[in-house]
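Participant:
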Amino acid sequence: MYGLPQGVSLAINLLAGKIEQLKSKSLIIAIDGHSSSGKSTLAKDLSSILQFLHIDSGAMYRAVTLYFLRNQVNVTKQEAIDCALCEIVIDFEQIEGHSRTILNGEDVEKQIRSMEVSQTVSDVAAISSVRKFLVMQQRSLSGDHSVIMDGRDIGTVVFPDADVKLFVTASHEVRTQRRFDELVSKGVDISISEVAQNLKNRDHIDSTREDSPLKRANDAIELDTSHLNRGQMVSKALQIIFERSEQTKEQIDNTI
Ligand code: DC
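Take 14 as the starting number for the sequence shown in our numbering and just add one per residue.
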């Protein structure tokens with residue numbers, strides 16, 4: 014397990030029995046939500062605890078965006094987009110317990126988190142052919158593993174039959190502060206108002222695009238993380254996953 018903070022270790026100890034039961038199941042867990050709502054941290058912690066494969070689908074949209082920026086792909090021309098997509102191979106590698114995004118053999122984990130990519134990614138993610146290309150890859154990367162995938166359309170489009178669906182939210186102020194702290198800790202020189210504006214723009218594009226807009230699936234459980242620390246977030250999510258997976262099992266038992 015990679016370096017989990019004390020609060021998370023405490024949650025693991027309290028829920029040890031349930032965690033063992035969950036580990037023995039084959040589950041698809043879909044986690045959707047706005048940028049900086051805490052969904053990626055939650056997905057990473059859960060995958061580390063449950064030893065499930067974690068796929069950060071946002072990283073895949075970021076990798077495509079980086080490729081488009083580097084190669085000056087003309088996104089107004091469908092042919093240029095299709096040609097570029099043919100050249101893109103995205104993978105994930107585990108390095109010292111951390112997942113790294115690999116674009117055509119190059120570790121681009123740092124580059125895909127840059128402000129330039131963050132400012133362009135929502136526009137690229139609104140292109141239908143890009144979504145089709147990545148949804149196919151997301152399903153095939155999952156194979157028949159137990160998987161935790163986080164993004165915007167996982168419970169609605171990628172895995173509409175997921176065993177457990179979480180919709181993670183947090184207030185705009187909390188999300189702005191989290192994103193600002195994350196960027197500052199990485200040495201990025203940025204003001205809090207620039208971060209707030211970037212989040213607003215991305216929320217707007219992500220929720221209003223025509224193809225697979227961000228929305229809560231009808232059967233998703235909402236988890237507001239505004240006032241939760243990392244340990245509380247993990248323990249609430251584990252309880253929900255446990256209860257939901259038991260319900261699913263009951264439904265299957267009843268139909269046999
Ligand atoms: O989670 P993130 O901030 O790294 O995601 C980057 C962008 O990718 C985000 O603006 C919306 C888009 N995205 C998407 O449209 N569908 C997904 N499943 C994941 C991300």
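Cβ coordinates follow ideal geometry from the N, Cα and C atoms, glycine included.
1) Say the cut is 8 Å; is the CB of Arg152 nearer than that to a heavy atom of the ligand DC?
2) Using a 10 Å radius around the Cβ and a threshold of 16 neighbouring Cβ atoms, would you call Ile108 buried or exposed?
3) If we call anything under 9 Å between Cβ atoms a contact, is Thr189 one with Val134?
4) State the Cα-Cα distance for the pair Gln132 and Asp163, rounded to the nearest angstrom.
5) Provide the residue(s) that pair with Ile42 in DSSP beta bridges, ordered along the chain.
6) Using a threshold of 9 Å, state whether the C-beta atoms of Asp69 and Gly168 are closer than that.
7) Which residue spans inside the segment 59-110 form an unbroken alpha helix (DSSP H) run of at least 4?
8) Can you give me the start and stop residues for the alpha helix (DSSP H) that Asp194 sits inside?
9) Could you round the C-beta distance between Gly244 and Ala72 to whole angstroms and report it? I think they count as a contact, below 8 Å.
10) For Ser225, does the count of other Cβ atoms within 10 angstroms reach 16, so buried, or fall short, so exposed?
11) Along the chain, where does the beta strand (DSSP E) that runs through Leu236 open and close?
Facilitator: Once the coordinates are examined:
1) What you label residue 152 is simply residue 139 of the sequence shown in a count that begins at 1. Flag unset: Cβ of Arg152 not near the ligand DC.
2) To locate residue 108, count along the sequence shown from 1; it is residue 95. When all chains shown are included, Ile108 counts as exposed.
3) Translated into positions along the sequence shown, residue 189 becomes position 176. Translated into positions along the sequence shown, residue 134 becomes position 121. Contact: no.
4) Indexing the sequence shown from 1 puts residue 132 at position 119. Indexing the sequence shown from 1 puts residue 163 at position 150. Straight-line spacing of the CA atoms in Gln132 and Asp163 works out to 20 Å.
5) Within the sequence shown, residue 42 is the residue found at index 29, counting from 1. Ile42 pairs with Ile161, Val177.
6) Within the sequence shown, residue 69 is the residue found at index 56, counting from 1. Within the sequence shown, residue 168 is the residue found at index 155, counting from 1. No.
7) 70-83, 91-99
8) Translated into the one-based positions of the sequence shown, residue 194 becomes position 181. Run containing Asp194: 185-198, per the alpha helix (DSSP H) assignment.
9) Stepping through the sequence shown from its first residue, residue 244 is reached at position 231. Stepping through the sequence shown from its first residue, residue 72 is reached at position 59. The pair is not a contact, with the Cβ atoms about 25 Å apart (cut-off 8 Å).
10) Taking the sequence shown and counting its residues from 1, one reaches residue 225 at position 212. Its Cβ being crowded by 16 or more others within 10 Å, Ser225 is buried.
11) In the sequence shown, counting from the first residue as 1, residue 236 sits at position 223. Segment 234-237, the beta strand (DSSP E) holding Leu236.
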